[in-house]
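Those sequence lines, one after another, are chains R and X.
Mapping of the first sequence onto our numbering: position 52 corresponds to residue 52, and the numbering continues sequentially without gaps.
When you read off a place in the second sequence, starting at 1, and then add 114, the result is the number in our numbering.
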Amino acid sequence: NAGVTQTPKFQVLKTGQSMTLQCAQDMNHNSMYWYRQDPGMGLRLIYYSASEGTTDKGEVPNGYNVSRLNKREFSLRLESAAPSQTSVYFCASTGGQGGSYEQYFGPGTRLTVT
Amino acid sequence: GQSLEQPSEVTAVEGAIVQINCTYQTSGFYGLSWYQQHDGGAPTFLSYNALDGLEETGRFSSFLSRSDSYGYLLLQELQMKDSASYFCAVRNYNQGGKLIFGQGTELSVKP
């Protein structure tokens with residue numbers, strides 16, 4: 001089991017460029033999440049998908065879009081990158097029904113927007 | 115709105131015991147989780163409390179008081195490798211299992 005994988009690991013973009021961050025999990029989890037983490041800060045939820053076919057906004061959705069492609073994959077798109085989106089992006093998933101509470105995190109994507 | 119408060123930094127010596135507190139304000143509270151994150155790494159799950167009381171897992175324990183909207187993480191027999199950031203996070207009802215994280219407590223363990 002690879003767990004949660006993210007690509008790319010590092011990315012540098014110029015202001016206005018677009019890109020998609022990819023996330024996949026092989027644990028048959030229903031729910032998936034995208035967070036961003038800025039230096040010295042906690043994780044802030046951007047978007048989440050409680051189950052395949054649904055997506056919802058989190059705390060900081062502006063400037064981002066998501067796609068839950070299938071049960072395994074959940075991508076995050078920046079349409080027009082801004083320096084304020086420089087951050088570390090983590091994808092996470094949690095499984096099963098009802099009582100699941102442990103989120104499994106990917107290794108992160110370090111994004112710099114110049 | 116929702117908010118969580120935890121100390122920004124804690125320092126302790128190897129072998130000691132340290133307690134990291136977390137107070138929260140939220141509606142529809144379901145449970146409180148704790149995560150550990152080493153520098154540059156991904157957060158990893160430590161513990162979860164949905165009911166009042168103490169949950170023990172090896173050297174780590176977590177406590178919850180729902181009436182006080184308060185919890186803590188207790189780390190015993192501290193080791194150098196415990197130096198990391200620790201985050202509390204709340205889970206609310208019917209919100210797809212999403213978590214709202216505190217800003218984290220940076221624990222430094224000194225020899």
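We put the CB at the ideal spot given by N, CA and C, even for glycine.
All of these numbers come straight from a predicted model, not from anything done at the bench.
Inter-residue spacing [alpha-carbon to alpha-carbon] between residue i and residue j
i, j, result
"R/S51", "R/Y104", "16 Å"
"X/G185", "X/L146", "8 Å"
"X/S162", "X/I214", "A small correction: the amino acid at residue 162 of chain X is Tyr; Ser does not occupy that position in the sequence shown. Rounded to the nearest angstrom, the two C-alpha atoms are 14 Å apart."
"X/R180", "X/Q139", "11 Å"
"R/K14", "X/A164", "44 Å"
"X/E170", "X/W148", "13 Å"
"X/E191", "X/Q120", "22 Å"
"X/K212", "X/N206", "8 Å"
"X/S141", "X/Q116", "7 Å"
"X/G210", "R/N30", "9 Å"
"X/A198", "R/P83", "28 Å"
"R/A24", "X/G172", "31 Å"
"R/G98", "X/N208", "The pLDDT assigned to R/G98 is 48, lower than 50, so where the model puts this residue is not dependable, and the model offers no usable value."
"X/G154", "R/F74", "22 Å"
"X/F201", "R/A2", "24 Å"
"R/N70", "X/A130", "47 Å"
"R/T112", "X/L168", "42 Å"
Secondary structure of residue i, DSSP reduced to three states
i, result
"R/S84", "helix"
"R/T15", "coil"
"X/K195", "helix"
"R/G98", "Here the model assigns R/G98 a pLDDT of 48, short of 50, so the residue's position is not dependable, and the following value carries that caveat. Coil, per DSSP."
"R/Q103", "coil"
"X/V204", "strand"
"X/S181", "coil"
"R/V4", "strand"
"R/L69", "coil"
"X/Q150", "strand"
"R/K9", "coil"
"R/T20", "strand"
"R/A50", "coil"
Residue span of the beta strand (DSSP E) that contains residue i, given as start and end
i, result
"X/A156", "No beta strand (DSSP E) holds X/A156; DSSP gives it neither H nor E."
"X/N135", "V132 to Q139"
"X/Q116", "Note, X/Q116: premise wrong, no beta strand (DSSP E); not H, not E."
"X/K224", "T219 to K224"
"X/T171", "G167 to T171"
Listed by chain order, chain R residues near residue i by CB distance under 9 Å
i, result
"X/S147", "Y101, E102 and Q103"
"X/F143", "Under the 9 Å cutoff, chain R gives no residues; its nearest Cβ is about 13 Å from X/F143."
"X/P121", "Simply none; closest approach about 13 Å."
Partners in chain X for residue i, counting only beta-carbon separations shorter than 7 Å
i, result
"R/D56", "G210"
"R/F10", "Ordered by position in chain X, no residue passes the 7 Å Cβ test against R/F10, which lies about 12 Å from the chain."
Under 8 Å from the C-beta of residue i: neighbouring residues of chain X
i, result
"R/T159", "This structure does not reach residue 159 of chain R, given that chain R is present from 1 up to 114, and the question cannot be answered."
Partner residues on chain X for residue i, Cβ-Cβ distance less than 9 Å
i, result
"R/F45", "Correcting the residue type first, residue 45 of chain R is Leu in the shown sequence and not Phe. Correct list: K212, L213, I214 and F215."
"R/T31", "Per the sequence presented here, residue 31 of chain R reads as Ser, with Thr not at that position. Those are G210, G211 and K212, listed as they occur along chain X."
"R/P39", "Under the 9 Å cutoff, chain X gives no residues; its nearest Cβ is about 11 Å from R/P39."
Beta carbon proximity, residue i to chain B, threshold 8 Å
i, result
"X/G167", "Looking at the structure shown, chain B is missing, and the protein chains on hand are R and X."
Interface residues of chain R facing residue i [CB-CB closer than 8 Å]
i, result
"X/Y162", "Y101 and E102"
Interface residues of chain R facing residue i [CB-CB closer than 7 Å]
i, result
"X/G218", "G42"
"X/A156", "F90, F105, G106, P107 and G108"
Would you be able to state if there are at least three C-beta pairs under 8 Å between the segment 73-93 of chain R and the segment 119-131 of chain X?
no
Is the number of C-beta pairs between the segment 159-177 of chain X and the segment 61-69 of chain R that are closer than 8 Å three or more?
no
Can we say the segment 37-49 of chain R touches the segment 134-147 of chain X, given the rule of at least three CB pairs closer than 8 Å?
no
Would you call the segment 81-94 of chain R and the segment 1-20 of chain R touching, i.e. three or more CB-CB distances under 8 Å?
yes
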